[in-house]
Each structure stands twice: as structure tokens, then as C-alpha cells.
Amino acid sequence: MTAPVLEVRDLRIAFPTRTGDFARPVDGVSFILHRGETLALVGESGCGKTLTSLALLRLVPAPGRIEPGSRLDFEGRDIMGLDADELRAIRGKDIAMVFQDPMSSLNPVFTAGAQIIETIKAHESESTKAARDRALGLLREVGISDPELRIDQYPHEMSGGMRQRVMIAMALATEPGVLIADEPTTALDVTVQAQILEILDRLREIRGLAVLLITHDLGIVANRADRVAVMYAGRIVEEASTRTLFEAPSHPYTQGLLESVPRLTGPVQSLKPIPGTVPDPARWPAGCRFHPRCPKVMARCRAEDPSRLALADGHHMACWLAEETAR
Ligand code: SF4
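Read left to right, the sequence shown gives residues 2 to 328 (our numbering).
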């Protein structure tokens, strides 16, 4: 396997609370991402996945801060050590982002074309004509029909799926090495969802992009990601190839997530929601953070925090059951 394009080690993000304490919604996240692969970061709302993705561009909203000791490397460069100009050069150029709601990310008073052209010219010294030609090519690449017409349309003249395609075209305008797609299909209907995921997949293959797909929906991950990292309460609790994760989910939280996804094949079964909610990051439970919701909780889980153990090559989990499995 090639050297990682992105490497995250022990990422911690803290927010001050009113009591003078700190909440840590991201608390020791580590993963690597290789060129040409899709890693899905999956978990319920509030588990810290979006904050993790914002941290990769040092965009954690104030008063939050990335804590000392966190390591973020892009192609061997320490993102935490970059100054404002170097950071600006990386944002959008080397690491691009596609957000959940294209309507709030696109500027309603500029045409789709103007926004793509502006992105190109912000990073490269191209003439407006050359940038427009590239914008047309990008619109074609993301499957927009009649790009000569669409390039001069405003966001409100487009459907949700088309706006999301424009967002992807903008993200690709500077030929980034990493694309972060944060819930890119949540606001779209099922057929458009599939088309957008198809586009991301094709671009990953053709351009050798590294894609970090952030989602709460394990269902969309099955055929789209090479690896899956499951997040719970600010940490990755299980990481494996997508196939292993679906065939042999080992962490009780991953098992619960899979049992709550509807299946089209096999016998009809009622869905089993995971009881309770993600805990407050200012008051993570002692021991294993999943213990108040875990159907397999043991006495040890309430007192001791499980460390990450390897179950097999590339398959890790943070759960005391891993010791028994290993035995
Ligand atoms: Fe459940 Fe214990 Fe494993 Fe936590 S460590 S997931 S509480 S079995």
C-alpha cells in the first residue's frame, strides 16, 4: 500500500464549558487515509465525526480548540504547524470539502459557473476564459447535463441533486488529493443519493482521490467505502475493511448500528434501535463510554476504559470483549 496521504494521530478537541471545565467531543481519534481509497467515518449525531473533519482543515469553531499533542499530517506536512498563508493554500486546494447542505454552501447571488471559476482563480493564475472552459469540463465530469446552460444558472434554479453536483465540481476545481464529504447525500432523495455516491466513487477511481466519507448511515457505506471507522463518544471504537465490518461486526455498538439498518434481503425482522442517546461530551461516562447502552456490559466495563486491540490484520476495536476474542 502507498504512503498515507492523510494521517491523524490522537486528535483531541476541547470546548470550555460554563463551569470552567472542558468538554472533549473528539477525544483521541487516530486514522490514516491512502490515495485512491474511501474511508467512511460512521456514527450517530454528536459522536464527533463532523468536528473531526473540520479539524483536518483547522476549522474547529471558536471557542473550541485542537489540543496540543494532536497530530494532523497531510502528505507528511504537519497541518498543526502551518501558518495562515500555508493553511489557506491547503484549504480547498489540497484538501477540499463537500457539505451536507449545498444551499447554505453555495452563494445564492452568483451563478454556479462564477463560483467554480472564482475557486479556480483563487488558487491558480488562469484567464477567465480558460477557467470557464475548465468549469464546463468539471460540470460535465459530475454528470450535469447541458453544462453550457447550467453554468450561467443560479443555485435556486437548480434541483438539490444538481446543486450538490456543483459543490462537488467546485471541490474538484483545484484537483485536491483529499475530498472530505460530510453527509453529502442526507438532504437528497434515494435515487439522487445513489447518483452522487456513484460520482464520488468514479472520481476516486479516475483521479486517485482519497475520500473521507462522513455519514450516520451505515446503509450507504456498504458498497462505497474500502474501510469503515465507527465513532462513538469522541473515539473510534471499531475499524475494519467494509467487508469485515459487515460480515463480522465485533463491537457491540457496531452490532447495534447494523441491527438498526433496514435490510432488503433475508427474513423479515423488526429493527432494533440502540437504547438511549450519545452521552454529553462534558460528562463522558467512566470506564467504557458505551457501557450505559451496551447489552453486553460487564462489571469491568463500568470502571476501566478499554484500549484499542487488534482482532485481525486491519481490524481493531476498543472493547473488553476483544481480549476474550483474542484469547
Ligand atoms: Fe460493551 Fe464492555 Fe465492550 Fe464497552 S467494553 S462495548 S460496555 S462489552
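Just so it is clear, CB atoms sit at the ideal spot from N, CA and C, and this is done for glycine as well. Remember, predicted model here, so these are calculated numbers, not experimental data.
For Ser54, the enclosing alpha helix (DSSP H) begins and ends at Lys50 to Ala56.
Val27 and Gly47 do not touch by the CB rule: their CB atoms are close to 11 Å apart, not below 8 Å. Counting along the chain, Tyr254 sits inside the alpha helix (DSSP H) bounded by residues Pro253 to Glu260. With distances taken between CA atoms, Asn224 lies nearest to Ser242 out of Ser242, Ile207 and Ala234.
Of Thr192, Leu180, Thr216 and Gly220, the smallest CA-CA separation from Leu201 is found for Leu180. In the displayed model, Thr186 falls within coil according to three-state DSSP, outside both helix and strand. Taking C-beta atoms as the reference points, Gly44 and His217 count as a pair closer than 8 Å. Contact annotation: Pro250 and Leu259 have beta-carbon atoms nearer than 8 Å.
Taking 8 Å as the cut-off, the Cβ atoms of Leu198 and Thr186 count as close. DSSP places His217 outside both helix and strand once states are collapsed to three, so it counts as coil. Relative to ligand 1, the beta carbon of Val298 is positioned inside 7 Å of a heavy atom.
DSSP links Leu40 through a beta bridge to Leu213 and Arg228. Pro282 carries a helical assignment under DSSP once its states are collapsed to helix, strand and coil. Its chain contains His317 and Ala319 as the residues whose beta carbon lies nearer than 6 Å to that of Arg309, once the 5 sequence neighbours on both sides are disregarded; these appear in chain order. Assigned with DSSP and collapsed to three states, Val6 falls in strand.
Distance check between Asp281 and each of Ile14, Ala4 and Ala24 places Ala24 closest, using alpha-carbon atoms only. Considered as a whole, the stretch 160 to 186 harbours 179 to 183 as its complete beta strand (DSSP E) runs of no fewer than 3 residues, in chain order. About 6 Å separates the Cβ atoms of Thr129 and Ile118, confirming a contact at the 8 Å cut-off. Contact annotation: Ala182 and Ile121 have beta-carbon atoms that are not nearer than 8 Å. Annotation for Phe291 indicates a beta carbon within 7 Å of some heavy atom of ligand 1.
The DSSP-derived three-state label of Ala132 is helix. With fewer than three CB-CB distances shorter than 8 Å, the stretch 151 to 162 does not count as touching the stretch 63 to 76.
For Pro26, DSSP records no beta bridge to any residue. In the assembly as shown, Ser146 is an exposed residue. Its beta-carbon has fewer than 16 other beta-carbons within 10 Å. Comparing C-alpha distances from Cys302 to each of Ile221, Gly288 and Glu239 shows the shortest one belongs to Gly288. Put simply, the backbone Cα of Ile91 is about 15 Å away from that of Ala211. Taking Ile237 as reference, the option from Leu42, Ala15 and Glu87 with the minimal CA-CA separation is Leu42.
Ala123 has its alpha-carbon roughly 16 Å from the corresponding atom of Met98. Secondary structure of Ile96 (DSSP, three-state): strand. Ranking Trp321, Ile215 and Gly82 by CA distance to the CA of Phe100 puts Ile215 first. The secondary-structure analysis by DSSP pairs Ser242 across a beta bridge with Arg228.
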